[in-house]
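Student: Submitted below is the structure of interest, expressed as structure tokens.
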Amino acid sequence: MKAIAIRDNSNSRNTKNKIFLGIVIFFSLLTILPIILIVGELVVKGIGQINLSFFTEAAPDTLQAMVAKANGETIPGGIANGITGSILIVVLAAVMAIPFGIITGIYLYETPGKRYSNIIRDIADILQGVPSIVLGLIVYLWVVKYITHSYSALAGSVSLAIMMLPLIIRSTEETLKMIPGTLKEAAVALGVPYHKIILRVLIPSSFSGLLTGILISISRILGETAPLMLTTLGNPRINWDITHPTSAVPLLIWQFYNDPNMVELIWSSSLFLMGFVLTLNIISKRISAKHSIH
Amino acid sequence: MNENIIEVKNPVLSIQNLSIAYDKGGKYAVKDVSVDVKRDSITAIMGPSGCGKSTLLRAINRMHELYPNIVTEGKILLNDEDVYGMSTIKLRRKIGMVFQRPNPFPTMSIFDNVIAGYKLNGIRLKKSEREEIVETSLRDVALWDEVRESLFKKGTFLSGGQQQRLCIARALAFKPDVILLDEPTSALDPVATARVEDLLVELKKNYTIVLVTHNMSQAARISDNAMFMYLGELVEYDKTKTMFTNPKDSRTEGYLTGEFG
Ligand SMILES: Nc1ncnc2c1ncn2[C@@H]1O[C@H](COP(=O)(O)OP(=O)(O)OP(=O)(O)O)[C@@H](O)[C@H]1O
Ligand SMILES: [Mg+2]
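Put into structure tokens, the structure is as follows:
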């Protein structure tokens with residue numbers, strides 16, 4: 001077929017197109033402006049603090065910071081206790097939430113419309129709406145008082161796992177729903193038993209979706225502060241014992257904020273946290289774009 | 001309805017007084033159907049939408065049991081063995097199925113798609129066996145020359161017609177006795193449809209084929225015997241030629257002349 005050129009009115013059409021394009025670009029910029037401003041601000045204020053010891057050393061105490069400030073030096077130490085604590089708490093939370101979340105999500109997908117699965121779905125929705133500080137309080141009662149008998153990484157993980165759970169459940173269910181039913185039929189017609197269909201067809205086919213859901217849920221809980229205040233408390237040193245009080249990056253930010261000698265450290269720590277969350281988000285976007293089935 | 005049933009000696013499939021309802025006490029989707037299916041031939045199932053063609057077809061490899069409330073009465077024999085007494089894995093190795101829309105596994109390569117039945121069931125094969133099965137199955141569906149260079153690419157990169165032939169190859173990989181196809185060409189363009197039809201005619205030398213089709217000319221072109229179903233009943237079962245030239249039941253005639261359906 002020959003291309004048909006539309007010549008009439010081409011000038012006014014062009015102008016209209018240009019105006020429209022301009023409006024689109026303007027509003028897109030307006031939407032991404034806040035994120036640019038935030039990251040820009042963090043970079044400008046925080047980048048000066050970031051060096052090797054920022055990643056390898058624990059946070060300074062207020063006296064060290066005060067001395068450094070008086071001498072006009074950069075504040076010594078880093079946020080290694082926060083980074084390691086965050087990793088410990090988040091990994092532990094993921095280990096608890098992922099299997100439960102995925103299995104529950106599969107169950108909801110497999111039993112649509114059943115009373116029991118509707119109840120579970122409602123509970124997941126309610127759970128998602130529980131304020132995180134309330135979760136922290138409850139986990140304080142359950143874990144801190146009765147299990148670890150002290151503020152602990154484990155307690156923090158439990159509260160974050162509870163926050164992750166509904167996100168993973170729903171993302172698992174939604175991902176599985178996007179798999180065409182014909183795929184399951186194909187496997188059934190080959191005589192494949194039910195559990196193998198789930199393990200070898202459904203999960204691999206929705207792998208990228210499941211992974212995206214997990215990464216997004218992790219990026220949601222990375223910045224959680226309130227429940228950790230009530231459960232892990234904080235720790236000036238690097239700690240890998242899950243039954244001991246543990247620091248985390250958002251907890252450090254809060255502590256720095258409250259200490260006039262260290263308040264400058266909030267920028268570098270926030271920059272780090274923000275960078276981490278953004279990276280996770282970008283990775284999950286990449287994965288879902290690259291591995292989508294269709 | 002026995003007067004409609006043609007004599008088939010040594011049938012592969014013998015369906016006896018089969019009735020199926022999707023709910024206990026609900027209406028029958030298939031009503032008292034008795035049919036013997038001839039070996040190494042193509043048997044077409046025709047009839048207006050909702051008459052029970054798919055239900056009948058899926059009862060043969062027990063796919064209809066996916067619906068939890070389904071009620072099945074009657075008997076189906078595969079080479080004199082009761083289908084409802086076999087394990088579904090054994091049954092479905094002997095009776096392959098191809099669907100309306102091509103459904104290769106999107107996570108698997110072309111190679112793995114062909115042997116998916118073995119892989120997913122955890123049946124181990126030697127490398128030479130795997131390669132042998134993949135090559136013969138793909139040759140059987142005339143896909144080998146088109147994909148031999150890209151066996152390890154995803155099956156979903158193929159065209160719709162190629163995907164459907166890949167799905168037929170997947171069914172053939174188990175060397176089944178029977179292949180069930182539910183409107184296998186309704187999602188394909190005319191060229192791809194013609195290729196699949198040629199392929200089925202070729203395959204009937206070694207396989208018994210049962211084909212649900214909405215397309216009367218397709219049934220006329222490639223089937224040897226034909227069933228006409230109406231409201232769950234098997235109205236007429238005869239040599240395709242006879243049915244098309246000289247239908248015995250007025251409902252068959254009405255359908256074939258386009259009065260309904
Ligand atoms: N999952 C189901 N639950 C309840 N009833 C069903 C279900 N599937 C089919 N039916 C009913 O069973 C009858 C036969 O349906 P079936 O799908 O076998 O017809 P068909 O001849 O294959 O139709 P089509 O040509 O549209 O594919 C219909 O009345 C239909 O409404
Ligand atoms: Mg049908």
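Sequences listed follow chains A and B, in order.
Residue 99 in full-length UniProt numbering is what sits at position 99 of the first sequence, and the numbering runs on without skipping anything.
Residue 99 in full-length UniProt numbering is what sits at position 99 of the second sequence, and the numbering runs on without skipping anything.
Virtual Cβ for every residue (Gly too), placed ideally from N, Cα, C.
Just so we're clear, the structure is a prediction, and the values are computed from it rather than from any experiment.
Could you tell me the distance, in whole angstroms, from the CA atom of A/Gly-40 to the CA atom of B/Pro-104?
Tutor: Taking the first sequence and counting its residues from 1, the one referred to as residue 40 of chain A is at position 40. Taking the second sequence and counting its residues from 1, the one referred to as residue 104 of chain B is at position 104. Straight-line Cα distance between these residues: approximately 48 Å.
Student: Got a sec: does ligand 2 put a non-hydrogen atom nearer than 7 Å to the Cβ of B/Val-212?
Tutor: Residue 212 of chain B sits at position 212 when you count from the first residue of the second sequence. Yes, the beta carbon of B/Val-212 sits closer than 7 Å to at least one heavy atom of ligand 2.
Student: Using a Cβ-Cβ cut-off of 8 Å, state whether B/Met-97 counts as contacting chain A.
Tutor: Taking the first residue of the second sequence as position 1, residue 97 of chain B is located at position 97. Chain A, which has a Cβ nearer than 8 Å to the Cβ of B/Met-97, makes this yes.
Student: Here's a check: name, in chain order, each residue in its chain whose Cβ is nearer than 7 Å to the Cβ of B/Gly-160, leaving out the five neighbours to either side.
Tutor: Numbered from its first residue, the second sequence carries residue 160 of chain B at position 160. So the list reads Pro-102, Ala-187, Leu-188, Ala-192, once near-sequence residues are dropped.
Student: Let me confirm a value: residue 262 of chain B is counted as buried when at least 16 other C-beta atoms fall within 10 Å, else exposed. Which label applies?
Tutor: Chain B is shown from 1 up to 261; residue 262 of chain B falls before or after that span and cannot be answered.
Student: When burial is assigned at 16 or more other CB atoms within 10 Å of the CB, is B/Lys-38 buried or exposed?
Tutor: If you number the second sequence from 1, residue 38 of chain B lands on position 38. By the neighbour-count rule (16 or more Cβ atoms within 10 Å), B/Lys-38 is buried.
Student: Does the beta carbon of B/Ala-219 fall short of 7 Å from some heavy atom of ligand 1?
Tutor: For this step, residue 219 of chain B is matched to residue 219 along the second sequence. No, the beta carbon of B/Ala-219 sits no closer than 7 Å to any heavy atom of ligand 1.
Student: Do B/Ser-41 and B/Asn-17 come within 8 Å of each other at the CB atom, strictly closer than that value?
Tutor: For the purposes of this step, residue 17 of chain B is identified with residue 17 of the second sequence, where counting begins at 1. For the purposes of this step, residue 41 of chain B is identified with residue 41 of the second sequence, where counting begins at 1. Cβ distance not < 8 Å, so B/Asn-17 and B/Ser-41 don't count as in contact.
Student: Using a Cβ-Cβ cutoff of less than 7 Å, which residues in the same chain neighbour B/Lys-27 once the five nearest sequence positions on both sides are dropped?
Tutor: For the purposes of this step, residue 27 of chain B is taken as residue 27 along the second sequence, with counting starting at 1. Answer for B/Lys-27: Ala-21, listed in chain order.
Student: Can you list, in chain order, the residues of its chain whose CB lies under 8 Å from that of B/Ser-109, leaving out five sequence neighbours each side?
Tutor: Taking the second sequence and counting its residues from 1, the one referred to as residue 109 of chain B is at position 109. The answer, listed in chain order, is Leu-151, Phe-152, Lys-153, Lys-154, Gly-155.
Student: With a threshold of 7 Å, establish whether the CB of residue 268 of chain B neighbours any heavy atom of ligand 2.
Tutor: It is not possible to answer for residue 268 of chain B, since the shown part of chain B is limited to 1 through 261.
Student: In terms of residues, what are the limits of the alpha helix (DSSP H) holding B/Tyr-28?
Tutor: As a working note, residue 28 of chain B is residue 28 in the second sequence. Here B/Tyr-28 belongs to no alpha helix (DSSP H); instead the beta strand (DSSP E) covers 28 to 37.
Student: Pull out every residue of the segment 186 to 197 of chain A whose Cβ sits closer than 8 Å to any Cβ of chain B, in chain order.
Tutor: Cβ contacts with chain B come from Ala-186, Ala-187, Val-188, Ala-189, Leu-190, Gly-191, Val-192, Pro-193, Lys-196, Ile-197.
Student: Within a Cβ cutoff of 7 Å, which residues of the same chain sit near A/Ile-198, ignoring the five residues on either side of it in sequence?
Tutor: Translated into positions along the first sequence, residue 198 of chain A becomes position 198. Result list for A/Ile-198: Ile-106, in chain order.
Student: Just to confirm, does B/Thr-43 get its C-beta within under 7 Å of one of the non-hydrogen atoms of ligand 1?
Tutor: If you number the second sequence from 1, residue 43 of chain B lands on position 43. No; taking the cut-off as 7 Å, the Cβ of B/Thr-43 has no heavy atom of ligand 1 nearer than that.
Student: For residue 305 of chain A, which residues of its own chain have a beta-carbon under 7 Å away from its beta-carbon, when the five flanking residues on both sides are left out?
Tutor: Nothing about residue 305 of chain A can be read from this structure; chain A reaches only from 1 to 294.
Student: Kindly examine ligand 2 and report whether one of its heavy atoms sits closer than 7 Å to the Cβ of B/Ser-186.
Tutor: Counting from one through the second sequence, the residue named residue 186 of chain B turns up at place 186. Result no, Cβ not under 7 Å from ligand 2.
Student: Please state whether the Cβ-Cβ distance between A/Asn-281 and A/Ser-219 is less than 8 Å.
Tutor: Counted from its first residue, the first sequence places residue 281 of chain A at position 281. Counted from its first residue, the first sequence places residue 219 of chain A at position 219. Yes. Within cutoff.
Student: Name the chain B residues whose beta carbon is nearer than 7 Å to that of A/Leu-183?
Tutor: Locating residue 183 of chain A in the first sequence gives position 183, where the first residue counts as 1. Per Cβ cutoff of 7 Å: Asn-103, Phe-105.
Student: What residues in its chain sit with their C-beta under 7 Å from that of A/Leu-215, if we drop five residues either side in the sequence?
Tutor: By one-based count along the first sequence, residue 215 of chain A stands at place 215. Counting only Cβ-Cβ distances below 7 Å, and skipping sequence neighbours, we find Leu-280, Ile-283, Ser-284.
Student: Could you tell me the boundaries of the alpha helix (DSSP H) in which B/Gln-164 lies?
Tutor: On the second sequence, position 164 is the one that residue 164 of chain B refers to. Note, B/Gln-164: alpha helix (DSSP H), 160 to 172.
Student: Looking at the C-beta of A/Ser-288, does it have a partner C-beta in chain B at a distance below 8 Å?
Tutor: Here residue 288 of chain A refers to the residue found at position 288 of the first sequence. No, A/Ser-288 lies away from the interface with chain B (no Cβ there is under 8 Å from its Cβ).
Student: With 7 Å as the limit, tell me which residues of the segment 227 to 252 of chain A have their beta carbon closer than that to any beta carbon of chain B; keep them in chain order.
Tutor: Here the close residues number zero.
Student: Whole angstroms are fine: how far does the CA of B/Glu-132 sit from the CA of B/Val-178?
Tutor: Here residue 178 of chain B is taken as the residue at index 178 of the second sequence, counted from 1. Here residue 132 of chain B is taken as the residue at index 132 of the second sequence, counted from 1. Whole-angstrom Cα-Cα distance: 21 Å.
Student: Using only the alpha-carbon positions, how far apart do A/Gly-46 and A/Pro-76 sit?
Tutor: Within the first sequence, numbered from 1, the residue matching residue 46 of chain A stands at position 46. Within the first sequence, numbered from 1, the residue matching residue 76 of chain A stands at position 76. Cα-Cα distance, rounded: 14 Å.
Student: With a threshold of 8 Å between beta carbons, is B/Asn-2 in contact with chain A?
Tutor: For this step, residue 2 of chain B is matched to residue 2 along the second sequence. Caution applies to B/Asn-2, whose pLDDT of 46 falls short of 50 and renders its modelled position unreliable; the value that the coordinates give is listed next. It does not: the Cβ of B/Asn-2 has no partner Cβ on chain A nearer than 8 Å.
Student: Which residue from A/Glu-185, A/Ser-171, A/Ser-205, A/Asn-11 puts its Cα closest to that of A/Phe-100?
Tutor: Counting from one through the first sequence, the residue named residue 100 of chain A turns up at place 100. Nearest of A/Glu-185, A/Ser-171, A/Ser-205, A/Asn-11 to A/Phe-100, Cα basis: A/Ser-171.
Student: Sorted by chain position, which residues of the same chain lie with C-beta nearer than 8 Å to B/Gln-100's C-beta, five sequence neighbours on each side aside?
Tutor: Here the question's residue 100 of chain B lines up with position 100 in the second sequence. Answer for B/Gln-100: Asp-182, Glu-183, Pro-184, Ser-186, Ala-187, listed in chain order.
Student: Between the C-alpha atoms of A/His-294 and B/Thr-136, what's the straight-line distance to the nearest angstrom?
Tutor: Within the first sequence, the letter at position 294 stands for residue 294 of chain A. Within the second sequence, the letter at position 136 stands for residue 136 of chain B. With a pLDDT of 46 at A/His-294, under the threshold of 50, the predicted position of this residue should be treated as unreliable, and no value is reported.
Student: Are the segment 232 to 246 of chain A and the segment 145 to 161 of chain A touching, with three or more C-beta to C-beta distances below 8 Å?
Tutor: Counting Cβ pairs under 8 Å, three or more are found: they touch.
Student: State yes or no: is the beta carbon of A/Pro-112 nearer than 8 Å to at least one beta carbon in chain B?
Tutor: For this step, residue 112 of chain A is matched to residue 112 along the first sequence. So no, A/Pro-112 is outside the interface.
Student: Taking 7 Å as the cut-off, is the C-beta of B/Ala-29 nearer than that to any heavy atom in ligand 1?
Tutor: Within the second sequence, the letter at position 29 stands for residue 29 of chain B. Yes, the Cβ of B/Ala-29 comes within 7 Å of a heavy atom of ligand 1.
Student: When you measure from the CB of B/Tyr-67 to every non-hydrogen atom of ligand 1, does any distance come out below 7 Å?
Tutor: For the purposes of this step, residue 67 of chain B is taken as residue 67 along the second sequence, with counting starting at 1. Yes; taking the cut-off as 7 Å, the Cβ of B/Tyr-67 has a heavy atom of ligand 1 nearer than that.
Student: Under 8 Å between the Cβ atoms of A/Ser-217 and A/Ile-168?
Tutor: Numbered from 1 along the first sequence, position 217 holds the residue referred to as residue 217 of chain A. Numbered from 1 along the first sequence, position 168 holds the residue referred to as residue 168 of chain A. A contact, by the Cβ cut-off of 8 Å.
Student: Under the three-state reduction of DSSP, which class applies to A/Gly-105: helix, strand or coil?
Tutor: Working through the first sequence from its first residue, we reach residue 105 of chain A at position 105. The answer is helix: DSSP assigns A/Gly-105 an H, G or I state.
Student: To the nearest angstrom, how far is the alpha carbon of B/Ile-6 from that of B/Asp-238?
Tutor: The residue given as residue 6 of chain B occupies position 6 in the second sequence. The residue given as residue 238 of chain B occupies position 238 in the second sequence. Between B/Ile-6 and B/Asp-238, the C-alpha separation is close to 6 Å.
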